[in-house]
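See below for the structure under consideration.
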Amino acid sequence: MTDEAYSEAVRRMQAGNAKAFGELYAELAEPLYRFALSYLGQPADAEDAVQEALLSAFRNRHTLRKGTSFKSWLFTITANRCRDMLRAKTRVSPVDPEDPALAEGSYDQPFGEDAGALLSSLDATDREIVTLSVLGGYTGEEIGRSLGMKPATVRSRLSRALKKLREEWEEQ
Amino acid sequence: MNNDYEIVKEKLENADAPLPESLKPEAVVKRLETEGAWVPADAETTKEKKHKKGIIRRFTPLVAAAAVIALLIGVLPKVTRNKPSGTNNGAPDRNVTQVAPDDYSAVAAALQKNKARSMLSDAIDDIFGGFGYFGWSKATDLAGWGEEAYAEEPAAESAIGNHEKSNSAPATAPNTADAAEHGSYSELNTVEKDVDETDVIRTDGKYIYVLKNAGSSNYYYRFYGAWDMVAETGTRVQTFTIVSPNDGDPAKLSETKLTLTEEGAAEVVKERAYTGFYIYGNYAVLTGSEIRFTSGGMQYDEEGQYWDFYGNVEIESKALVTVYDITDKAAPVHVRDLWFSGNLLETRVVNGRLLAVSLWAPDFDVITYEDAGTFVPCAGSDGELVPAGNITVDEEATDAEQYLTVSLFDLNNVSSDPQSASVLGSAWDIYCSKNAVYVYGSHSRYRLLSSDWLSVLDVHKLDITGDAPAYVGKASFEDAEVLNDYALNEYNGNLRLALHFFKDWTNRDNAVVVLGPDMAELGRTEAFGKGEDIKSVRYDGDLAYVVTFRNTDPLFAIDLSDPANPVIRGEAKLPGYSSYLHPVGGYMVGVGYGGTEEGLDGSGKISLFDVTDPDNPTEIDQIVLDDTTFMSDHKAFVPVGDDGFIVLYHYYNDYYWVDVVDDAETDEGEYETDEPATEVADEEPGDVDADEPSTATADEEPGEPDDYGRYEAKYGCGWIYVRVENGKLVKVSSAERGSEDANRALFIGENVYFYTHAYGYYESDDEYVPDSWLITGYAFANGAEKGSLTL
């Protein structure tokens, strides 16, 4: 999409045009879902998170500020949604064993053959950091602000987590 | 380049993750066009509990509407409106009510009313769209996303640790620092003079006191344990340690274990976690929280594989203040505990009294309005309720089903009870002068007419000169936000505030507003820094200095000598921006980020501003460190006498993963970098002795490459002591510590003590090296390391 077409689509989107939103979203659909999946681990959760984020984004389209890219804005909303879901998940009672989703096996290795398993070997915070950095493109400072850590801490944890993931991959 | 990053990125980006039908752009557009009827298309993948939640949410508007109708027809008791004492008629309408002494029924009524209003607000939120995702950061802060994964990290152009490209050329050799010159020991750099703030390490000149593992609670720790990180789990213990400075070679005198974890019935855990402390005479006063929670765990399937986890569930959280008698440094003695309902927002010590501000939301599921204990906050050692006469109701706040409680506790008489006052309203931050505490925070309100959300910043003032805090009044600002405590300042009884106003994404600006003692507005500047955010604020008598930023940094000088007519006098525009301002030796020092006309470049910068002519503030000198972030936390800035300071920083070079050019043919040590690896640190003409430790660390060889020919990224932290002499920034001494995070620095006599933290890591698959905290002593004069203590 050219800069002009992009600006025009943003303008139309902000005027309430859902198709313009779709044009802007089209390029991001896969990376955004992948991001949510890496964040949350479960396809059903990721789908919910992205759906809710898209709706929230469209309803609050006026908050896309000049100077911010649509991509950055949408990823931020999705990251927030994922984070809320992750936190909420720790506060609810265990899932229902009768849940049909379990029987369908959708709780097993959802993310590639091994990527999901490897990511789940990281602790929750490291996983968030890796996802935000690698798939979200956020800087250490931004991640630090969102997780309440020093940027240097984020970077050191990131480098260790990346090293761990890379080494495990290479062992496979 | 950073190979691990690239490898992981490639793996994750190519991992099999088919896009669900419902997320395909056409499906999304279809749904957005029927926005109001949004239902997850693929109901099979949506869990049962979510449907239940949806049903409850759909009923919320009805419940809320019913509650509001009940209010309108007067089912609930009415609140008598009473202007609190201390306000005058000239003040704007505050819509606050002070309830009659010993009669909590008015509080109950207000609470019910606010709860109903809050439910209505939630319902509107449901109908018209959420407003909840601003918790991340302001969208403008993410500008430029996507150009490069590490946009803030500049390309490596210098050898590791070779951060400095100072254009500061000291005219004279720097003086060696000695105790007589800069005072005998450092005091915590506080927002307001004579108003002490809590911190994790302090000195009284004779001893160093440290709270190790500040802020950590096993509540969160146990949660991570549930994620299979068995190697890292274990009980986190906080300790309060008294250390002898021992002329630069610190030694432990005593260590008191603080984390009191009590395992109760049915896995209920009660646990304390402290965030900071004060030293007042012979007392150490620790501040933190006490939390009761049920411990989480894992769910396993028949084959022993976990299929889900459930986390800890908080039952109750209280703010906690604990007093220790530290007369005997080898054996501190516990004196007493005080509890305050809810979470501790902030504390101060002012005029010999501890001020604690806590926020509490009563549990509406257990409230019985006949029993005040279920809906009135407690403050004291035995569940004492805040007196009804000390509770003020903010009728305007839409999310005011919470209490803000301000308590004063006499540290000269630690057996006395705290005196408390509450406001039924919400806020998050405080600014405290010697006379008053200002509690501020924003809430949002939906405007039906224009169908948009309005954000309202409320600033509540409580007088703290009497026995108990006394509510004075509040001021409200629409679509406004406050950067931090430094944006507020009380001067001659007036409150000055630097505010950022954001109406929408094209319409943002800033102003400094002056409020009188009764919180009525006296005057405000014209709007300045259009389209820019406020990055730092400093008041100095009648003048205010405000830094705003978009691509470059204007520093505005604002004359507030006539409160009714504040005037912008001058501005200095320069690349980067200062995130902390501090007056030093008649100049203004700015600590922050370096940059170019296009924006930030990843360097850290210390600026020296000549502000003698407010019409023409100018940057007259600077020190720039590449790949560096200076700590903008004011507690990490250490004033040294009248004309010097120590500032802390972190450095990181994430491009230091370098590949051996060709495994087979390359000689050992030959590797590819953007810049020749032989480059050495700049030798500044004014730098002290050649054996300066910072460059010693900096020039270290990168070590052995791993099996894949990669070198570890270098990160670490450092301190730098700078003096202001004849309009120049003169670097006197510095030191760096690799692979550690900086917390604080302090000095006693001839020595600087640097408090750092090293994170735990895996030495091998089985061997985990846990976190460590260190205090390292250095000679003030040249930064030579003298000794180190691991806590």
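First to last, the sequence lines map onto chains A and B.
Sequential numbering of the first sequence, starting at 1, is according to the numbering used here.
Sequential numbering of the second sequence, starting at 1001, is according to the numbering used here.
Here a beta-carbon is modelled for each residue, glycine too, at the ideal position from N, C-alpha and C.
Small disclaimer: the values here were computed from a predicted structure and weren't measured.
For B/Ile1430 and B/Lys1252, the gap between their C-alpha atoms comes out near 35 Å. The distance from the Cβ of B/Leu1791 to that of B/Thr1241 is about 6 Å, consistent with a contact at the 8 Å cut-off. The way I'd put it, the region 1333-1349 of chain B does touch the region 1190-1199 of chain B; three or more beta-carbon pairs between them come closer than 8 Å. In the DSSP secondary-structure assignment, B/His1460 is bridged to B/Val1439, B/Lys1474. The C-alpha of A/Leu24 lies about 22 Å from the C-alpha of B/Asn1014. Excluding residues up to 5 positions away in sequence, Leu1359, Trp1360, Ala1361, Ser1426 lie with their Cβ nearer than 7 Å to the Cβ of B/Gln1402 in the same chain. Of the candidates B/Asn1489, B/Val1459, B/Ser1455, the residue whose Cα lies closest to the Cα of B/Ser1433 is B/Asn1489. The beta carbon of B/Ile1534 does not come within 7 Å of any beta carbon belonging to chain A, so the residue lies off that interface. Look at A/Thr153: its C-beta is under 7 Å from a C-beta on chain B. For B/Ser1341, the enclosing beta strand (DSSP E) stretches over residues 1333-1341. With three or more CB-CB distances shorter than 8 Å, the region 1601-1617 of chain B counts as touching the region 1573-1587 of chain B. Within chain A, the C-beta atoms nearer than 7 Å to that of B/Ser1022 come from Glu47, Gln51, in chain order.
The three-state secondary structure of B/Thr1465, taken from DSSP, is coil. Looking at the DSSP output, B/Pro1554 sits in a beta bridge with B/Lys1573. For B/Lys1535, the three-state secondary structure derived from DSSP is strand. Assigned with DSSP and collapsed to three states, B/Lys1024 falls in coil, not helix or strand. B/Leu1355 is the residue among B/Ser1186, B/Leu1355, B/Ile1620, B/Ala1487 whose C-alpha sits nearest the C-alpha of B/Asp1467. Around the beta carbon of B/His1582, 16 or more other beta carbons lie within 10 angstroms, which makes this residue buried.
Looking from the CA of A/Glu27, the closest CA among B/Leu1032, B/Leu1019, B/Ser1733, B/Glu1033 belongs to B/Leu1019.
Chain B places a beta carbon closer than 7 Å to that of A/Ala18, counting this residue as a contact.
Cβ-Cβ distances below 6 Å link B/Leu1789 to Pro1250, Ile1775 in the same chain, with the five nearest sequence neighbours on each side left out; the list follows chain order. When 8 Å is used as the limit between beta carbons, B/Lys1530 is near no residue of chain A, the shortest such separation being about 12 Å. Of all alpha-carbon atoms in B/Leu1746, B/Ala1758, B/Arg1117, the one lying nearest the alpha-carbon of B/Tyr1778 is that of B/Leu1746. Taken atom to atom, the span from the alpha-carbon of B/Leu1023 to that of A/Ala29 is near 7 Å.
For the pair B/Pro1563 and B/Val1514, the CB atoms are nearer than the 7 Å cut-off. For B/Glu1010, the uninterrupted alpha helix (DSSP H) segment begins and ends at 1003-1014.
Looking at the DSSP output, B/Cys1717 shares a beta bridge with B/His1650, B/Arg1737.
Chain-ordered, the chain A residues with CB closer than 8 Å to the CB of B/Asp1004 read Ser159, Leu162, Lys163, Leu165, Arg166. Closer than 7 Å to the CB of B/Lys1009 there is at least one CB belonging to chain A. For B/Leu1111, the three-state secondary structure derived from DSSP is helix. The distance from the Cβ of B/Leu1499 to that of B/Val1482 is about 6 Å, consistent with a contact at the 8 Å cut-off. Distances from the alpha-carbon of B/Asp1363 to those of B/Glu1370, B/Thr1374, B/Val1357, B/Arg1353 put B/Thr1374 closest. In this structure, the alpha-carbon of B/Phe1409 lies about 14 Å from that of B/Phe1277. The Cβ-Cβ distance between B/Asp1004 and A/Leu55 does not fall below 7 Å. Inside the region 1320-1396 of chain B, DSSP marks no whole alpha helix (DSSP H) run of 4 or more residues. With respect to the 7 Å criterion, A/Thr78 and A/Ala53 are classified as neighbours on the basis of their beta carbons.
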